[in-house]
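With positions in the sequence shown counted from 1, the corresponding number in the working numbering is that position plus 31.
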Amino acid sequence: MEFVDGTGAVIRAGGRVVKNVSGYDLHRPQVGAFGTLGVIVEAHLKVAARPEVSAIWAVPRATLAEAHGLLLEVAATALRPVALEAVDAASARLLRARAPALPGDSEMAVALVGIEGSRPSFERHARDLASFAARGTCGAVRLERPASAPLWRALAELPAAQRAEVRVRVGARPRDLPDLLAALDLSRAPVRGASVRAGVGLAFLSLASDGGAGVIAPLVARWHRLASARGGYAVVESAPLELPGRGQLPFGVGAPSRLGSALRRAWDPRETLNPGRIVP
Numbered sequence: 032m033e034f035v036d037g038t039g040a041v042i043r044a045g046g047r048v049v050k051n052v053s054g055y056d057l058h059r060p061q062v063g064a065f066g067t068l069g070v071i072v073e074a075h076l077k078v079a080a081r082p083e084v085s086a087i088w089a090v091p092r093a094t095l096a097e098a099h100g101l102l103l104e105v106a107a108t109a110l111r112p113v114a115l116e117a118v119d120a121a122s123a124r125l126l127r128a129r130a131p132a133l134p135g136d137s138e139m140a141v142a143l144v145g146i147e148g149s150r151p152s153f154e155r156h157a158r159d160l161a162s163f164a165a166r167g168t169c170g171a172v173r174l175e176r177p178a179s180a181p182l183w184r185a186l187a188e189l190p191a192a193q194r195a196e197v198r199v200r201v202g203a204r205p206r207d208l209p210d211l212l213a214a215l216d217l218s219r220a221p222v223r224g225a226s227v228r229a230g231v232g233l234a235f236l237s238l239a240s241d242g243g244a245g246v247i248a249p250l251v252a253r254w255h256r257l258a259s260a261r262g263g264y265a266v267v268e269s270a271p272l273e274l275p276g277r278g279q280l281p282f283g284v285g286a287p288s289r290l291g292s293a294l295r296r297a298w299d300p301r302e303t304l305n306p307g308r309i310v311p
């Protein structure tokens, strides 16, 4: 990677071998820094061969909590899926508009398990996942490429489909996330859609922006306090540019770490790059 820091210095780091540093791995902090540590001008990426099989196992469930619970069961097995996504009924309707093969009716949440790899690996996953269906899950559908391609695209474009709303990201340890979401009492909030990445402990909530930032900001701040007590966080990820009082929204998650602050001072002492953004 080559990048320019806040002083104008051009820095080049990384290499083609696994072990290529004797001190600090300078290019890795750029990932997730949101441009606060440098402007990336060149990056070399490792690519993988297209998998022989790409599929999604879709299972309708009555609620998002049930879909989330099913995915945590899958995560506890020896299987290695590439995606564990749960969407509530509202988000499933958005997906279904782009991917009609998604099962379930308009009032059901859906659990999605992504499977990629060789044909033998895929068949092993399919056999083991079928055991979940045998324990009472009904209506499961297996979508293989090319049938799975529209659903993968719809999942990737779900944030864009919800761009008129305020999108909040809630994070916690994967096993702690269900209890945290229950504590947030989402039924009393203006949630227009919700999804969960069960494998990494992230939930995404789309809130109606009708009340403006004055209504949403204290709500997210309360959620963050509840999440912090459980080792997690809640933060606004995106909001419409025209939202009244948009600057009041908590886009950051609190004070930066000592290491993040030290890197910022070293590489961008005048905070020229993306000013106001808190480094994790």
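Glycine included, every Cβ here is placed at the ideal spot set by N, Cα and C.
| said: Please give me, in chain order, every unbroken run of the alpha helix (DSSP H) with length at least 4 that falls completely inside the region 243 to 310. | reply: Counting only runs of 4 or more, we get 244 to 259, 289 to 298.
| said: Counting C-beta neighbours from all protein chains within 10 Å, is the total for P91 16 or more, i.e. buried, or is it exposed? | reply: Your numbering for residue 91 matches position 60 in the sequence shown. P91 comes out buried.
| task | Out of P249, Y264, I247, A248, point me to the one whose CA is closest to H255's CA. | result | Position 224 of the sequence shown holds residue 255. When each option's Cα is compared against that of H255, the closest is Y264.
| query | With distances taken between CB atoms, is the gap from A132 to A180 smaller than 7 Å? | reply | If you number the sequence shown from 1, residue 132 lands on position 101. If you number the sequence shown from 1, residue 180 lands on position 149. The answer is no: Cβ separation not under 7 Å.
| Buried versus exposed, by CB contacts within 10 Å (16 or more), S292 | Taking the first residue of the sequence shown as position 1, residue 292 is located at position 261. Label assigned to S292: exposed.
| In the structure shown, what three-state DSSP assignment does S122 receive? | Numbered from its first residue, the sequence shown carries residue 122 at position 91. In the three-state scheme derived from DSSP, where H, G and I count as helix and E and B as strand, S122 is classed as helix.
| message | Quick check on the DSSP output: the alpha helix (DSSP H) that includes A187 runs from which residue to which? | response | The sequence position of residue 187 within the sequence shown is 156, counting from 1. Judged by DSSP secondary structure, A187 falls within the alpha helix (DSSP H) whose first and last residues are 180 to 187.
| query | In chain order, what residues of the same chain lie with their CB nearer than 6 Å to the CB of E97, ignoring the 5 residues before and after it? | reply | Here residue 97 refers to the residue found at position 66 of the sequence shown. Answer for E97: no residue qualifies.
| If we count the other Cβ atoms within 10 Å of its Cβ and call it buried at 16 or more, is V62 buried or exposed? | Locating residue 62 in the sequence shown gives position 31, where the first residue counts as 1. Flag for V62 reads exposed.
| Helix, strand or coil for S18 per DSSP? | There is simply no residue 18 to check, as the chain begins at 32 and stops at 311 in what is shown.
| request: Measure the CB-CB distance between Q279 and A229 and report whether it falls below 7 Å. | output: Within the sequence shown, numbered from 1, the residue matching residue 279 stands at position 248. Within the sequence shown, numbered from 1, the residue matching residue 229 stands at position 198. Not closer than 7 Å, so no.
| message | For P91, list the residues DSSP reports as bridge partners. | response | For the purposes of this step, residue 91 is identified with residue 60 of the sequence shown, where counting begins at 1. Per DSSP, the beta bridge partners of P91 are V141.
| query | Are G46 and M32 touching if we call contact CB-CB under 7 Å? | reply | In the sequence shown, counting from the first residue as 1, residue 46 sits at position 15. In the sequence shown, counting from the first residue as 1, residue 32 sits at position 1. For G46 and M32, no; Cβs fall outside 7 Å.
| message | Would the region 102 to 116 count as touching the region 229 to 238 if we require 3 or more Cβ pairs under 8 Å? | response | Yes, the region 102 to 116 touches the region 229 to 238.
| Shortest alpha-carbon distance to L272 belongs to which of S226, P151, R198, A252? | Looking up residue 272 in the sequence shown gives position 241. Considering only alpha carbons, the answer is R198.
| task | Could you please give me the residues that DSSP links to E97 through a beta bridge? | result | The sequence position of residue 97 within the sequence shown is 66, counting from 1. Residue pairing by DSSP places E97 opposite no residue, since no beta bridge is assigned to it.
| field | V267 to L238 span [Cα, whole Å] | value | Mapped onto the sequence shown, residue 267 falls at position 236. Mapped onto the sequence shown, residue 238 falls at position 207. Going from the Cα of V267 to the Cα of L238 covers about 10 Å.
| Option nearest V41 by Cα separation, candidates P60, R59, V70 | On the sequence shown, position 10 is the one that residue 41 refers to. Distances from the alpha-carbon of V41 to those of P60, R59, V70 put V70 closest.
| said: One question on the structure: do A120 and A106 come within less than 7 Å of each other, judged by their Cβ atoms? | reply: By one-based count along the sequence shown, residue 120 stands at place 89. By one-based count along the sequence shown, residue 106 stands at place 75. In this structure, the beta-carbon distance from A120 to A106 does not fall below 7 Å.
| said: Which residue wins for smallest C-alpha separation from L95, given the options T38, A185, G135, W183? | reply: One-based indexing of the sequence shown puts residue 95 at position 64. Considering only alpha carbons, the answer is G135.
| Unbroken alpha helix (DSSP H) run spanning L23, endpoints | Absent from the model: residue 23. The displayed extent of the chain is 32 to 311, so no value can be given.
| query | Rounded to the nearest angstrom, how far is the Cβ of G243 from that of P275, given a contact under 8 Å? | reply | Reading the sequence shown from its first residue, position 212 is the one you call residue 243. Reading the sequence shown from its first residue, position 244 is the one you call residue 275. Here G243 really is in contact with P275; their C-beta atoms are around 4 Å apart, less than 8 Å.
| query | How close, in whole Å, do the beta carbons of L236 and A225 come, if the pair is a contact with beta carbons under 8 Å? | reply | Looking up residue 236 in the sequence shown gives position 205. Looking up residue 225 in the sequence shown gives position 194. About 5 Å separates the two Cβ atoms, so the contact holds.
| said: To the nearest angstrom, how far is the alpha carbon of P82 from that of T303? | reply: The residue labelled residue 82 in the question sits at position 51 within the sequence shown. The residue labelled residue 303 in the question sits at position 272 within the sequence shown. In a straight line, the C-alpha of P82 is about 42 Å away from that of T303.
| Hey, R173 and W88: beta-carbon distance below 7 Å or not? | Sequence index remark: in the sequence shown, residue 173 carries index 142 (1-based). Sequence index remark: in the sequence shown, residue 88 carries index 57 (1-based). By the CB criterion at 7 Å, R173 and W88 fall inside the cutoff.
| field | Rounded straight-line distance, which links the Cα of R295 to that of G37 | value | In the sequence shown, residue 37 corresponds to position 6, counting from 1. In the sequence shown, residue 295 corresponds to position 264, counting from 1. In a straight line, the C-alpha of G37 is about 9 Å away from that of R295.
| task | Check the DSSP bridge columns for S237 and list the partner residues they point to. | result | Here residue 237 refers to the residue found at position 206 when the sequence shown is read from its first residue. Its beta-bridge partners are R198, G224.
| task | Give the single residue among F65, D241, V227 whose Cα lies nearest to the Cα of P221. | result | The residue given as residue 221 occupies position 190 in the sequence shown. Minimum Cα distance to P221 is reached at D241.
| task | Note down, in chain order, each residue of its chain lying with its Cβ closer than 6 Å to the Cβ of A130, except the 5 sequence neighbours on either side. | result | By one-based count along the sequence shown, residue 130 stands at place 99. Residues of the same chain with a CB within less than 6 Å of the CB of A130, apart from the 5 flanking positions on each side, are P181, L182, A185 in chain order.
| Which whole-angstrom value is the C-beta distance of N305 and T108, which I expect to be below 8 Å? | To locate residue 305, count along the sequence shown from 1; it is residue 274. To locate residue 108, count along the sequence shown from 1; it is residue 77. That pair is no contact at about 41 Å.
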